[in-house]
Every structure is written in structure tokens, then in C-alpha cells.
Amino acid sequence: MIALAIVLTGIGSYAMRAFFIFVLARYTFPPILLRALEYVAPTVMAALVISMLTTPEGEIAAGLPELLGLICTGVAAKATGNHILALVAGMGTFWLIGAII
Amino acid sequence: MNTHPSRPALQGALDALPLFIPALPFAFVFGVVVAEAGIPELLGWSSSPIIFGGAIQVTLFTLIAEGASVGAAVSAALIVGARHMLYSVTLAPRFQNQPTWFRWVGAYVLIDQVFVLSQINPIDEPMAFRRYFLGAGFTFWTLWMIFTALGVVLGPVIPAEWGVEFAAPVLFVSLMMAASNRRDKLASAAVAMGVTYSLAALPNRTGILVAVLVSVCVMLFATRKSST
Chain A
1 MIALAIVLTG
11 IGSYAMRAFF
21 IFVLARYTFP
31 PILLRALEYV
41 APTVMAALVI
51 SMLTTPEGEI
61 AAGLPELLGL
71 ICTGVAAKAT
81 GNHILALVAG
91 MGTFWLIGAI
101 I
Chain B
1001 MNTHPSRPAL
1011 QGALDALPLF
1021 IPALPFAFVF
1031 GVVVAEAGIP
1041 ELLGWSSSPI
1051 IFGGAIQVTL
1061 FTLIAEGASV
1071 GAAVSAALIV
1081 GARHMLYSVT
1091 LAPRFQNQPT
1101 WFRWVGAYVL
1111 IDQVFVLSQI
1121 NPIDEPMAFR
1131 RYFLGAGFTF
1141 WTLWMIFTAL
1151 GVVLGPVIPA
1161 EWGVEFAAPV
1171 LFVSLMMAAS
1181 NRRDKLASAA
1191 VAMGVTYSLA
1201 ALPNRTGILV
1211 AVLVSVCVML
1221 FATRKSST
């Protein structure tokens, strides 16, 4: 049963990734759709961050260390454009504030 | 940002490496979930090549451990992964001038990090795009296979109080900033955060998908207003 669940999920998740690549292979995108697609990357990333910081019941599962850590990550990422530095800044702040309070 | 790398496959692989560091603790979280669900190690690990999606794999096994039916566990896992359909739509124009084999193979490695890399390094030349995409995708793939195997075998070796899972939201904030290279894109991210929070109680994280659709529509409306 577990093997069946793994295979079904594998087929489903591959189909979701491949579907529009194949369906829209010969489709000319209208300008408004191309404009809309520019917002997909920033909005999905933002939505993932919030969903990681909330419980399935909708409560915030983050305190001051998480909040300050993510602010430092955002500032470091914007300033340097380097993901490693942003990670160091974010985790460093998170651990530091967590150790203090 | 180098939009015309001379060695696109190598550049893709190098760009993928730093993004894998935050995925490391996730590989161990996956290992713990498989162990707690009482699933044999090899069977649990087989989901890495078959599904290749961390959040989808963790959701599936968490629900199986909680005694959910196959149908319920599979559908919840697929809803968690539904954002990949948006990636498929977004990348469809870039796959139009590509050979069919690349559509099949590229779709397989279309994960969050590879998607964002392809968005923040827009490469116009089809062959360079293809090599960059595959370089990044299969670097990530190889590392995920190795570290989920380690995660399943080693299980809960990382002390929970270190909070290393926090590396995941940190990575996504960093990716969000990289993808927000214009002020309106940054605004779209802010809108999406607010909408996701207000929808956070929706089952199976459906809020992610709804929030993206709502914020994209809000931004289309807002930018249309300001430009006319």
C-alpha cells in the first residue's frame, strides 16, 4: 500500500510539472499572461515562507528569533545577492537571539 | 548576474550548490518522518527518485504515519505540491523552442530552487538555457538522493533544539528577494504574505495556491491602474 502511494504521488507530481509545458507548447502567450507570470516566483516564495511559519490551524509558529532572523536574511539577500551570506545572517541572528532570550 | 554564461551547465551546478545547504536539514527531517511512520528505509528512500519533492514526500509519509488512507495521503501530498503547476505554466514559453526530450526530462527536475534560478537568470539562448536548467536540476537531484539516503539511515541525529529546520524559511526569504528584482515584484511578495497568513488555516496548505493567484490578480490590477 505504501509503495502504491509513493508511485501514485510520483505520477501525480510529475504530471503537475509536465502538464502545462506540454499543453502550452504551441500556444502564443498574450502579454497580460506574460506579465502575470512575472509575479509567480516572488509570490510563491513569499507564500511558502508564511506557510512554514504558521501551524496547520493558522496560528503563528514563530517568535522574535525567527522574525529578526528573517528580516536579517531579507536585508542581507537584498544587499549582497548572495544566498550563503543571507543564510549565515539569518541563521546567525536566529541562534544569537534565541540564546539571549 | 550572468545571463550569458560561457559554461551554462557548470554555472547551473554552481548556482544550485548554495541552495542545497538549507535543504540538508530537510533531508534529515524526511529521515525522521520515514522512521516514525515505520516505513522500511529503502521503500521510504525510493520516494526520492520517484517523487523528487521534499515537502510532497514529507506530507505523504506524515499522513501515512497518522493512519490516513492511500487516497487521502496522496491527494494531500499533491495539493501541497500544486504550486508546481504554476511553475509549469510560467516556464512553458521557455520550453517552446526546446526539443521534446528536454520537456520530459526538464519537468522531472522542476523544483522550487530550479524554478527560481531559471527566473533570476533568464537565459534566452535555448541550448544554454537547457544546459543551465539541467546542470542545476541534476546537481540538486544527486545531492537530494545522497542526503535523503543518509537522512533515512541516520534518522534523528541532529538535536531538535538547534532548530536547523529554520534554514528552510531563511532560504525561501533569500530566494524571494532574488526573485523580487523590481519594486512591483517586491510588493507582490508582500501581498502574498498577507493573503497566505489570512488563509493559513485552510486544509493541506491550499492557501499557498490561492494566495499566489489572488496576489497576481491584485498586482495586474494595480500596475494596470498606474500605467494608464
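If you read the protein sequences in the order shown, they are chains A and B. Heads up: the first sequence at position 6 corresponds to 6 in the numbering used here, and the numbers run straight through without jumps. Heads up: the second sequence at position 215 corresponds to 1215 in the numbering used here, and the numbers run straight through without jumps. Ideal Cβ positions, reconstructed from N, Cα and C, are used throughout, including at glycine.
Is residue i helix, strand or coil by DSSP?
i: THR54 of chain A; result: strand
i: ILE60 of chain A; result: strand
i: GLU38 of chain A; result: coil
i: VAL1210 of chain B; result: helix
i: GLY81 of chain A; result: coil
i: THR28 of chain A; result: coil
i: THR1 of chain A; result: Position check: residue 1 of chain A holds Met in this sequence, whereas Thr was assumed. MET1 of chain A falls in the coil class under three-state DSSP.
i: VAL1074 of chain B; result: helix
i: VAL1230 of chain B; result: The shown model of chain B, from 1001 to 1228, leaves out residue 1230 of chain B, and the question about it has no answer.
i: SER1069 of chain B; result: coil
i: MET1001 of chain B; result: For MET1001 of chain B, the predicted model reports a pLDDT of 47, less than 50, meaning its position is unreliable and no value from the coordinates is stated.
i: ASN1097 of chain B; result: coil
i: LEU67 of chain A; result: helix
i: VAL1058 of chain B; result: helix
i: LEU1202 of chain B; result: coil
i: ILE1123 of chain B; result: coil
i: GLY98 of chain A; result: helix
i: PHE1052 of chain B; result: coil
i: GLY1081 of chain B; result: coil
i: SER1047 of chain B; result: helix
i: ILE11 of chain A; result: helix
i: GLY1135 of chain B; result: helix
i: GLY74 of chain A; result: helix
i: GLY92 of chain A; result: helix
i: THR1228 of chain B; result: Confidence at THR1228 of chain B is low in this model, with a pLDDT of 46, below 50, so its placement is unreliable and the value that follows should be read with caution. THR1228 of chain B: coil per DSSP, three-state reduction.
Below 8 Å on the Cβ atoms is my contact criterion, and I expect residue i with residue j to pass it. Report the Cβ-Cβ distance as a whole number of Å.
i: ALA1027 of chain B; j: THR1148 of chain B; result: 5 Å
i: ILE1146 of chain B; j: GLY1053 of chain B; result: Rounded, the Cβ-Cβ distance is 17 Å, inconsistent with contact.
i: SER1088 of chain B; j: ALA41 of chain A; result: With a Cβ gap of about 13 Å, SER1088 of chain B and ALA41 of chain A do not count as contacting.
i: LEU986 of chain B; j: ALA1013 of chain B; result: With chain B running from 1001 to 1228 in the structure shown, residue 986 of chain B is simply not present.
i: GLY1106 of chain B; j: PHE1133 of chain B; result: 6 Å
i: GLN1057 of chain B; j: SER1046 of chain B; result: At roughly 10 Å, the Cβ-Cβ gap does not stay under 8 Å, so GLN1057 of chain B and SER1046 of chain B are not in contact.
i: ILE1064 of chain B; j: SER51 of chain A; result: So it is not a contact: roughly 21 Å between Cβ atoms.
Tell me where the alpha helix (DSSP H) around residue i begins and ends.
i: ALA1035 of chain B; result: 1023-1036
i: GLN1011 of chain B; result: 1008-1020
i: PHE1184 of chain B; result: Per the sequence presented here, residue 1184 of chain B reads as Asp, with Phe not at that position. Element bounds for ASP1184 of chain B: 1183-1198.
i: VAL1157 of chain B; result: Here VAL1157 of chain B belongs to no alpha helix (DSSP H), and DSSP marks it neither H nor E.
i: PHE1115 of chain B; result: 1112-1120
i: LEU1171 of chain B; result: 1167-1179
i: ILE1039 of chain B; result: First-last for ILE1039 of chain B: undefined, no H or E at that position.
Measure the alpha-carbon distance for residue i versus residue j and round it to whole angstroms.
i: PHE1172 of chain B; j: ARG26 of chain A; result: 32 Å
i: ILE1051 of chain B; j: VAL1033 of chain B; result: 16 Å
i: THR58 of chain A; j: VAL1080 of chain B; result: According to the sequence shown, residue 58 of chain A is Gly rather than Thr. When rounded, the distance between both Cα atoms is 16 Å.
i: ASN1002 of chain B; j: ARG1131 of chain B; result: Bear in mind that a pLDDT of 47 at ASN1002 of chain B, under 50, signals an unreliable position, so the number given afterwards is only what the model happens to contain. When rounded, the distance between both Cα atoms is 14 Å.
i: HIS1084 of chain B; j: TYR1108 of chain B; result: 11 Å
i: VAL1153 of chain B; j: ILE1123 of chain B; result: 39 Å
i: ASN1097 of chain B; j: PRO1040 of chain B; result: 43 Å
i: PRO1093 of chain B; j: LEU24 of chain A; result: 8 Å
i: THR1228 of chain B; j: LEU1220 of chain B; result: Per-residue confidence for THR1228 of chain B stands at a pLDDT of 46, beneath the threshold of 50, marking its modelled position as unreliable; the derived number appears in the next sentence. Cα to Cα, the separation comes out at about 12 Å.
i: PHE94 of chain A; j: PHE29 of chain A; result: 43 Å
i: ALA1188 of chain B; j: ALA1076 of chain B; result: The sequence given here places Ser at residue 1188 of chain B; Ala does not occur at that position. Computed Cα separation, rounded: 27 Å.
i: LEU1199 of chain B; j: MET1176 of chain B; result: 20 Å
i: PHE22 of chain A; j: TRP1104 of chain B; result: 9 Å
i: PHE1020 of chain B; j: LEU33 of chain A; result: 31 Å
i: ARG1183 of chain B; j: MET45 of chain A; result: 16 Å
i: LEU8 of chain A; j: GLY1071 of chain B; result: 9 Å
i: SER13 of chain A; j: LEU1060 of chain B; result: 12 Å
i: ALA5 of chain A; j: THR80 of chain A; result: 43 Å
i: ILE96 of chain A; j: VAL49 of chain A; result: This sequence places Leu at residue 96 of chain A; Ile is not what is there. When rounded, the distance between both Cα atoms is 21 Å.
i: GLU66 of chain A; j: PRO1099 of chain B; result: 44 Å
i: PRO1203 of chain B; j: PRO56 of chain A; result: 7 Å
i: GLY63 of chain A; j: ALA1201 of chain B; result: 19 Å
i: GLU1036 of chain B; j: ALA1222 of chain B; result: 47 Å
Taking any Cβ of chain B, which residues in the region 7-23 of chain A have a Cβ under 7 Å from it, in chain order?
VAL7, LEU8, THR9, GLY10, GLY12, SER13, TYR14, MET16, ARG17, ALA18, PHE19, PHE20, ILE21, PHE22
Taking any Cβ of chain A, which residues in the region 1087-1104 of chain B have a Cβ under 8 Å from it, in chain order?
TYR1087, SER1088, VAL1089, THR1090, LEU1091, ALA1092, PRO1093, PHE1095, GLN1096, ARG1103, TRP1104
Near-chain A residues of the region 1021-1045 of chain B - C-beta to any C-beta below 7 Å
ILE1021, PRO1022, ILE1039, LEU1043
Along the region 1121-1149 of chain B, where does the CB come closer than 9 Å to a CB of chain A? Name the residues.
none
Any residues in the region 46-62 of chain A with a beta carbon nearer than 7 Å to a beta carbon of chain B? Which ones, in chain order?
ALA46, ALA47, LEU48, VAL49, ILE50, SER51, MET52, LEU53, THR54, GLU57, GLY58
Could you name the residues of the region 1053-1073 of chain B whose beta carbon sits closer than 7 Å to any beta carbon of chain A, in the order they occur along the chain?
Those residues of the region 1053-1073 of chain B that come within reach of chain A (Cβ to Cβ, closer than 7 Å) are GLY1053, ILE1056, LEU1060, ILE1064, VAL1070, ALA1073.
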